[in-house]
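Take a look at the structure set out below.
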Amino acid sequence: MDIRHLAPEQLSDRTSDRRTLASETVYEGYIWNVQRDEFELSEGADTLRRDYITHPGAVSVLVLNERDEVLLINQYRRPVGMTMWEIPAGLLDVHGEDPVAAAQRELAEEADLRAEQWNVLVDFHNSPGSSSEANRIFLARGLSDVPEDERHERDGEEAEIHGAWVPLDGAVQAVLDGRLNSPAAVVGLLAAHAARSGDFGSLRPPHTPWPGHPAFR
């Protein structure tokens, strides 16, 4: 393996145009599908075959109030059989919806909140070895309540959602203690903690391009 020294500004994930030989959907699910691709890493190399989840992507919202508290919501997650403390989030499953608009919608639907100030906090892939899911976390500040008559009626697992305001430092410690495991919450809390040291001045504007999401390249 070639190991080299890089300057921090040289670090960047990049799209790769590897040659696809065949592609098919082998399973169609309620929310996402499973795709099988055959491809080459280089011309004439052995053909590789991989199955992976094709996912519409998601947005999440790290909500920070004027008291340096973050909003966490508690929700049941069937695949892991746990109730988990998370940050508001949702799928990008509305065709053509802008990620910022989707984040604003999810914040209103899951937390009954609106925000005046939005920034991109961090982008990540949940499991790039097995899923195409890309997740963008926004930082939302300048909060106000959604009026009672405009609030979303939650159903399914969302009907059980309840929330809590927690000091950012305390929530980060819960991550480091292993008490919080939701990936968007873990990534978002650690990113917010790091960004706060520079008074959030390094954060990107809300409509910053998102090449990590296949649909927005």
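Residues 1 to 217 (UniProt numbering) make up the sequence shown, in order. For every residue, glycine included, the Cβ atom is placed at its ideal position computed from N, Cα and C. Since the structure is predicted, the reported quantities are computational estimates derived from the model, not experimental observations.
C-beta contact flag for residue i and residue j at 8 Å
i       : j       : result
Glu-160 : Gly-142 : no
Ala-185 : Leu-72  : yes
Ser-23  : Ile-137 : no
Phe-200 : Leu-107 : no
Asp-112 : Arg-67  : no
Thr-208 : Val-120 : yes
Which listed residue (the options) has its alpha carbon closest to that of residue i
i       : options                             : result
Val-122 : Arg-36, Pro-205 and Pro-8           : Pro-205
Ser-182 : Arg-67, Gly-96, Gln-75 and Gly-44   : Gln-75
Gly-178 : Ser-42, Ala-134 and Trp-85          : Trp-85
Leu-35  : Asn-119, Thr-54 and Thr-20          : Before going on, a small fix: residue 35 reads as Gln here, not Leu. The candidate whose alpha carbon is nearest that of Gln-35 is Thr-54.
Gly-44  : Gly-57, Leu-21, Ser-60 and Glu-66   : Leu-21
Arg-114 : Phe-124, Val-120, Pro-88 and Leu-92 : Pro-88
Ser-130 : Gly-90, Leu-64, Asp-37 and Val-70   : Asp-37
Gly-81  : Val-70, Glu-157 and Glu-133         : Glu-157
Assigned secondary structure, residue i (DSSP; H/G/I helix, E/B strand, else coil)
i       : result
Asn-109 : It should be pointed out that residue 109 corresponds to Glu in this sequence rather than to Asn. Helix, per DSSP.
Gln-39  : The sequence as given places Phe at residue 39; Gln does not occur at that position. Strand, per DSSP.
Ala-195 : helix
Ala-45  : coil
Ala-22  : strand
Three CB pairs or more closer than 8 Å across the segment 47-54 and the segment 161-172: Note that the segment 47-54 does not touch the segment 161-172; fewer than 3 beta-carbon pairs, one per stretch, sit closer than 8 Å.
Contiguous alpha helix (DSSP H) assignments of at least 4 residues, all confined to the UniProt domain "Nudix hydrolase" (54-193): Those alpha helix (DSSP H) runs which fall completely within the UniProt domain "Nudix hydrolase" (54-193) and span 4+ residues are 99-111 and 168-176.
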